[in-house]
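Okay, so here's the structure we're looking at.
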Amino acid sequence: MAEQLDLLADLLELEGEASFRVVAYRRAATRIRETAGSVAELALAGRAKELNGIGKTIEEKIVQVVESGEMHALTKRKNIVPPEVVLFMRLPGLGPKTAARIWRELGVTTVEELKHAAENEQLRTLTGLGAKTEERVLKALAEKKQEPSDRRLLGDGLGALLAVVNVLRAHPAAVEVSEAGSARRRKETFRDLDIIATATDAEALIDYFTKLRWVIEVVAKGPSKATVLSNDGLRFDLRVVPPESYGNLLQHFTGSKDHNVALRERAVKDGLSVSEYSITVVETGEELCYGSEAEVYERLGYQFIPPELRENAGELEAARKGELPRLVEPADIKGELHCHSTWSDGKNTLEQMALAARERGCDYLAITDHPRGTLAEQDLEIDQLNERLEPFRILRGIEVNIRADGSLSLPDEQLAKRDWVIASIHGAFDRSPTERVLAAMENPHVDMIGHLTARKINIRPPADVDVERVVGKAVETGTFLEINSQPNRLDLRDTHARLAGEAGVKIAVNTDAHELRALQHVEMGVAQARRAWLTKDQVLNTRSWPQIAKLSK
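Take 0 as the starting number for the sequence shown in numbering that gives the first Met the number 0 and just add one per residue.
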């Protein structure tokens, strides 16, 4: 449905339709993608209009998709606009108006024809286009199609971002320094790493920032902002702002865009105008600047909204009513329920993993190595370590594969001897993944499903798992689900984890660590849980092991 709405928006742009209609369809597409439950079911019940950004017209279009497979308006426009013309709009310098002119005035309808037109200098025959346009088009067509990314994994940049923030805070001129943008909201991927600061001497802080030893290029530099590239390809944007507007600007540059748009639209109803620098009382013209975000939200009539929730997914309504949940914190996690050692494919020994987990404050660690040969020797080592490390406890765990036929890679008599059993899909992702997971959950020895959709961000798309059916089965069987904290997994994704949490399924935040340093990824998993609105009670491993064992019976 979201893809159809996005395509319809593209085609409307090509036809020169009013921008408000285009924006409405794109906003609705985003809302559908970010909604955990079934938008189709809501539309059929006449309740999709309850979602932000979806009105009666779009609800009717959703029903059309359910009933006939495609929105009628989209079918109509696809018969008018050649399909590849939409792709022209994705090329640098070719917006919808230019793409439409190339199609209508030159009769170019395919990417191959566009390449031919650029090579033969036909584009420059159109007013406003020249040789540089042709060069850009040919260069873009010659380059390999980018993967979902010019966006990088949050795990690639978050540590560096927080380190830079700390370095800037230590500068004598710095007063306040914070990360901002999508990284502050802990989105799974990012383009740029944003920093907002106040300073007694803005130019001194900017100059210091541009001369840090890892900076290889200063892309832009001014009296209040600068952009640099690091030696590992990260792009940092620093903006130094007036101290009296720090709260306003930090809120604005943290986003998300949808959150801020909804915030501003509601403020208008209250006689207020919100900009990045201030809140203006429309009737009097009084400008209100705030040094903290909490003051900004309070003046607008909201509880403080944690950055991870700022996606226009119901947080504004909840904050206005004072009903935001108290989100889980990293300090709430008591143990690790998914990790590997050299007994299977891990890089560190069982003892090293246990000591590192204990050092990080864990009370217990489930060693869930993939089954390889006999488990008796590993069990003996676990017993010996447990005697030495008490009260810290190592659990006899296992991660079994869910085969293509839905069976598990170990027999029940062996699973029955384990303290903790994870079942996961590791291959044949296109072969009935939902049915395989449901079959595994029927097994009384399976405690948890690992990395449910098996996605690898920027590498492999998620398997086509019917998450709603899985959540229903988890409720029925008492099976736990996992947020896998590996930066390229973060699986469950936030909306799916929220759906599961609201249904009453307990979710474990695990690292799936295969080496010592990966244990620190738990913090990213907790951030994902926070984005899913999860509380301490909804996260399984905020409990002691005896409490978990009691729940899993």
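Note that the Cβ used here is the ideal one computed from N, Cα and C, for glycine as well.
- Here the alpha carbon of N247 sits roughly 7 Å from the alpha carbon of G290.
- The residue among L299, P222, C288 with its C-alpha nearest the C-alpha of N259 is L299.
- Nearest C-alpha to A422 among S431, R430, E441: E441.
- In this structure, the straight-line span from the alpha carbon of A39 to that of E112 is close to 39 Å.
- Between Q3 and V64, the CB-CB gap stays under 9 Å.
- In the displayed model, K224 falls within a strand according to three-state DSSP.
- Listed as beta-bridge partners of K77 by DSSP are no residues whatsoever.
- Taking A42 as the centre and dropping the five residues before and after it, the same chain places the C-beta of E58, I61, V62 closer than 6 Å to its C-beta, in chain order.
- Its chain contains G405 as the residues whose beta carbon lies nearer than 8 Å to that of E434, once the 5 sequence neighbours on both sides are disregarded; these appear in chain order.
- If you draw a straight line from the Cα of V525 to the Cα of A99, it is about 46 Å long.
- D446 places its beta carbon 9 Å or farther from that of S484.
- In the three-state DSSP reduction, L13 falls in the helix class (H, G or I).
- Taken atom to atom, the span from the alpha-carbon of A427 to that of D344 is near 20 Å.
- When the five nearest sequence neighbours on each side are left out, the beta carbons in the same chain lying within less than 6 Å of the beta carbon of R183 are those of T253, P306, in order along the chain.
- Residue environment for N311: buried (at least 16 other C-beta atoms within 10 angstroms of its C-beta).
- Beta bridge pairing from DSSP links R392 with Y363.
- T197 carries a strand assignment under DSSP once its states are collapsed to helix, strand and coil.
- According to the DSSP assignment, H337 belongs to the beta strand (DSSP E) that extends over 334–338.
- For W532, there is no enclosing alpha helix (DSSP H), as DSSP gives it neither H nor E.
- A Cβ-Cβ separation of about 18 Å leaves Y301 out of contact with C288 under the 8 Å criterion.
- Considering only K186, V80, P171, the residue with the shortest C-alpha distance to E178 is K186.
- With fewer than 16 other Cβ atoms inside 10 Å of its own Cβ, I79 counts as exposed.
- Counting the other Cβ atoms within 10 Å of the Cβ of N230 gives fewer than 16, which makes it exposed.
- At a Cβ-Cβ threshold of 9 Å, A473 and A453 do not count as neighbours.
- The beta carbons of A507 and F479 sit closer together than 9 Å.
- Annotation for T476: the continuous alpha helix (DSSP H) segment containing it runs 466–476.
- Shown here, R26 sits in a helix according to DSSP, grouped into three states.
- Going by DSSP, T126 is part of no beta strand (DSSP E) at all; its letter is neither H nor E.
- Closest by C-alpha distance to H450, out of R417, L137, P486, K416, is P486.
- Membership of A355 in the alpha helix (DSSP H) is indicated by the continuous run 349–358.
- In the DSSP assignment, A422 is bridged to V399, I448.
- Separation of G45 and L73 (C-alpha to C-alpha, rounded to the nearest whole angstrom) is 21 Å.
- For R497, the uninterrupted alpha helix (DSSP H) segment begins and ends at 493–502.
- Excluding five sequence positions before and after A403, the CB atoms of its chain that fall closer than 6 Å to its own CB belong to A427, R430, given in chain order.
- Contact annotation: L204 and R234 have beta-carbon atoms that are not nearer than 9 Å.
- Nearest neighbour of K55 by Cα position, chosen from A23, P95, E69, E285, turns out to be A23.
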